[in-house]
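Reading through the structure tokens given below for one structure.
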Amino acid sequence: MIRILPLPVLLFTVYLTRQRKVLENRSLADEERMDALENQLKEARFLAEEADKKYDEVFKMHIT
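Under my numbering, the first residue of the sequence shown is numbered 48, with each subsequent residue one higher.
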């Protein structure tokens with residue numbers, strides 16, 4: 048037996064399904080953005096450490 052839903056219930060169900068998909072897509076985009084930002088942070092830390100090492104080397108060369 049097929050149950051027929053009233054139109055408002057059917058429309059609300061369609062709306063909720065679309066909203067769920069929108070939120071899932073936004074969540075996926077946010078995760079991708081976070082991954083990219085984490086990679087940028089790692090790169091920035093690496094560059095900062097390299098700059099500190101070079102600074103220390105130049106400083107030592109000038110005080111000797």
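C-beta: ideal position from N, C-alpha, C; glycine also. This one's a predicted model, so the numbers in the text were calculated from it and none came from an experiment.
- Judged by their CB atoms, L70 and T60 are not nearer to each other than the 9 Å cut-off.
- The DSSP-derived three-state label of L63 is helix.
- In this structure, DSSP gives P55 a helical state, which the three-state scheme calls helix.
- Within the same chain, no Cβ atom closer than 7 Å to the Cβ of A83 is found once the five residues on either side in sequence are excluded.
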